[in-house]
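Single-structure report; data block below.
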Amino acid sequence: EPLFPPRSLDVIVASLFISYLFNPEYAVEELVSMLAPGGRLVISSMRPDSDISTIFTEYVAGLGVGASAACGCNDDELGKAREMLNEAAALFELEEDGYFRFYTAAELAELVSRAGLRVEQADPVLGEPPQAVVVVGVKP
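Under my numbering, the residues of the sequence shown are numbered 47 to 186, in order.
In structure tokens:
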């Protein structure tokens with residue numbers, strides 16, 4: 047028995063995981079089946095050409111690093127940020143090796159459209175330049 051009955055949800059948010067699935071098309075179709083008419087699927091992916099160092103740099107700048115004593119930042123926060131960067135870098139290497147697939151806005155919009163949703167929005171997001179994409183699809 048499904049976790050959620052068909053056509054029972056108004057909104058589903060699928061953030062940054064579709065790239066890691068063996069069959070993303072099937073997953074999106076299953077998500078769409080759970081949406082009620084007029085329901086929205088918000089789905090995101092890193093871009094294929096993402097530069098994870100940009101995300102790290104912007105995060106660290108937000109911590110106020112360089113004046114860590116003045117901003118209240120500590121070595122633990124920086125250590126966690128570095129750990130995140132290293133883990134993300136490993137994921138990007140696996141993507142380059144073909145284990146994962148990161149999507150452009152147009153590719154992710156096409157995936158959502160093929161599953162039967164009307165694409166309402168397809169935007170690059172997360173930093174400057176943008177490192178991810180978000181697509182919003184609406185069920186007819």
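Using N, Cα and C, we set each Cβ at its ideal position, and we do this for glycine too.
These numbers come from a predicted model, not from an experiment.
Item, Value
"Short Cβ contact (9 Å threshold) for Tyr149 with Ile64", "yes"
"Per-residue burial, Gln177 [other beta carbons within 10 Å of its own, 16 or more giving buried]", "buried"
"Host beta strand (DSSP E) of Ser90 (start-end)", "81-92"
"The segment 60-79 / the segment 165-177 touching (three or more Cβ pairs under 8 Å)", "no"
"Inter-residue CB distance, Leu49 and Val158 (contact presumed, cutoff 8 Å)", "The pair is not a contact, with the Cβ atoms about 21 Å apart (cut-off 8 Å)."
"Beta-carbon gap between Arg147 and Pro83 smaller than 9 Å", "no"
"Residue environment, Ala155, which counts as buried when at least 16 other CB atoms sit within 10 Å", "buried"
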